[in-house]
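For reference, the structure is listed below as structure tokens.
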Amino acid sequence: MIGKHYPAYSEYKDSGVEWLGKIPKHWETKKAKHVSSIFVPQRNKPELNLDSGLPWITMDDITSPSVDSSITGYYVNELDALTAGSKVLPPGCVIASCVGNFGVASVNKVSVIINQQLQAYIPKKIDSWFLRYLVEVSKLYFEKVATATTLVYVNQERFGELPIVLPALEEQQAICNYINQETAEIDEIIEQQQQLISLLEEERATVISHAVTKGIERSN
1 MIGKHYPAYS
11 EYKDSGVEWL
21 GKIPKHWETK
31 KAKHVSSIFV
41 PQRNKPELNL
51 DSGLPWITMD
61 DITSPSVDSS
71 ITGYYVNELD
81 ALTAGSKVLP
91 PGCVIASCVG
101 NFGVASVNKV
111 SVIINQQLQA
121 YIPKKIDSWF
131 LRYLVEVSKL
141 YFEKVATATT
151 LVYVNQERFG
161 ELPIVLPALE
171 EQQAICNYIN
181 QETAEIDEII
191 EQQQQLISLL
201 EEERATVISH
211 AVTKGIERSN
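For what it's worth, our numbering labels the leading residue of the sequence shown as 1, then goes sequentially.
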């Protein structure tokens, strides 16, 4: 996997965006707001429950590529959401951090309500997964445009101004399929290495424990 040769196009051009560098000649460069709507949650926090309703999504929930439930198990009853004026985010959107830890995003599989540390893109002319990957590689942009108040924050306008590249939809989907396949292999290798590290750590602990509690036989 290390040193792997990646597919390449015959011609490239300068994207004009520092962290994107050169891009295929036939791709366009746009702003995120031109291909999606920006979704900002209401300021009022709705009443939460542990029984039923729409999942209450926070920063902790967008550490995986997709999200369909809350790690905390919290829900917002639809009536309570209506009372609080909470806006419901439809499935297939790109939920991203707007506070502190940038470049983190998930695609929601079900309708959800997000808290104020998150904003979302509602795709119109772009594949949700392709946009998610673009957010992931655009951490530098969010860090540059963030406003430092009590917390480092990116507002709705700056979310919309995110520079993106835009190949044809079919090409976007092909790229996402390629990424999913390649990263699955990498994740499998990481998992194998983590298991090996765990076994070695156990062996290390056993060596230390045995030596200090049972001693070692010394030859004459």
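Yeah, the Cβ is synthetic: ideal placement off N, Cα and C, and Gly gets one too. Note that the coordinates shown come from a computational prediction; the quantities given were computed from them, not determined experimentally.
Could you tell me the alpha carbon to alpha carbon distance between residue i and residue j, rounded to whole angstroms?
i: H26; j: P167; result: 7 Å
i: Q156; j: E201; result: 46 Å
i: I179; j: G160; result: 25 Å
i: D14; j: E28; result: 11 Å
i: Y12; j: Q192; result: 37 Å
i: L196; j: H210; result: 21 Å
i: K87; j: V112; result: 9 Å
i: T147; j: Q117; result: 14 Å
i: Q181; j: I62; result: 21 Å
i: I175; j: R132; result: 12 Å
i: E203; j: I186; result: 26 Å
i: P41; j: V212; result: 58 Å
i: V207; j: E217; result: 14 Å
i: Q194; j: N177; result: 26 Å
Ordered along the chain, which non-local residues of its own chain (more than five positions away) have a Cβ less than 7 Å from that of residue i?
i: E143; result: F102
i: A184; result: none
i: Q173; result: D127
i: S64; result: S106
i: E78; result: G53 and L54
i: S138; result: W19, G103 and L162
Counting only the same chain and skipping the five closest in sequence on each side, list residues whose C-beta sits under 8 Å from that of residue i.
i: C93; result: F39, V107, N108, A120, Y121, I122, P123 and S128
i: S66; result: S106, V107, N108 and K109
i: N44; result: A84, G85 and S86
Using CA coordinates, which residue listed in the options is at the minimum distance from residue i?
i: Y9; options: T58, Y133, I23 and A174; result: I23
i: T72; options: K30, D51 and V165; result: D51
i: Y153; options: E217, G100 and R43; result: G100
i: L162; options: A81, C98 and D68; result: C98
i: A81; options: W56, I95, D68 and D61; result: W56
i: N49; options: P91, M59, V76 and S36; result: V76
i: G21; options: Q42, V165, Y74 and T58; result: V165
i: V135; options: P41, A32 and E78; result: A32
i: V104; options: K30, T58 and L89; result: T58
i: G16; options: Y6, R158 and K30; result: K30
i: E170; options: F130, E78 and D187; result: F130
i: F36; options: K125, D60, P7 and Y6; result: The question names Phe, yet the displayed sequence has Ser at residue 36. Comparing Cα positions, the closest option is K125.
Within 10 angstroms of the Cβ of residue i, are there 16 or more other Cβ atoms? Answer buried if so, exposed if not.
i: G53; result: buried
i: P46; result: buried
i: A96; result: buried
i: I114; result: buried
i: R158; result: buried
i: Y74; result: buried
Leaving out the 5 sequence neighbours to the left and right, which residues in its chain are closer than 6 Å to residue i when beta-carbon positions are compared?
i: W19; result: L140
i: D68; result: K109 and V110
i: P90; result: S111
Those runs of the alpha helix (DSSP H) which lie wholly inside the stretch 94 to 143 and span at least 4 residues: Complete alpha helix (DSSP H) runs here, min 4: 128 to 136.
Just list the beta strand (DSSP E) runs in the stretch 19 to 63, keeping only unbroken ones of 3 residues or longer that don't cross its boundaries, in chain order. For secondary structure counted as the beta strand (DSSP E) over 3 or more consecutive residues, the stretch 19 to 63 holds these complete runs in sequence order: 22 to 24, 28 to 31, 36 to 39 and 54 to 57.
Secondary structure, beta strand (DSSP E): runs of 3+ residues fully inside the stretch 142 to 190: Listed in chain order, the complete beta strand (DSSP E) runs (minimum 3 residues) inside the stretch 142 to 190 are 163 to 166.
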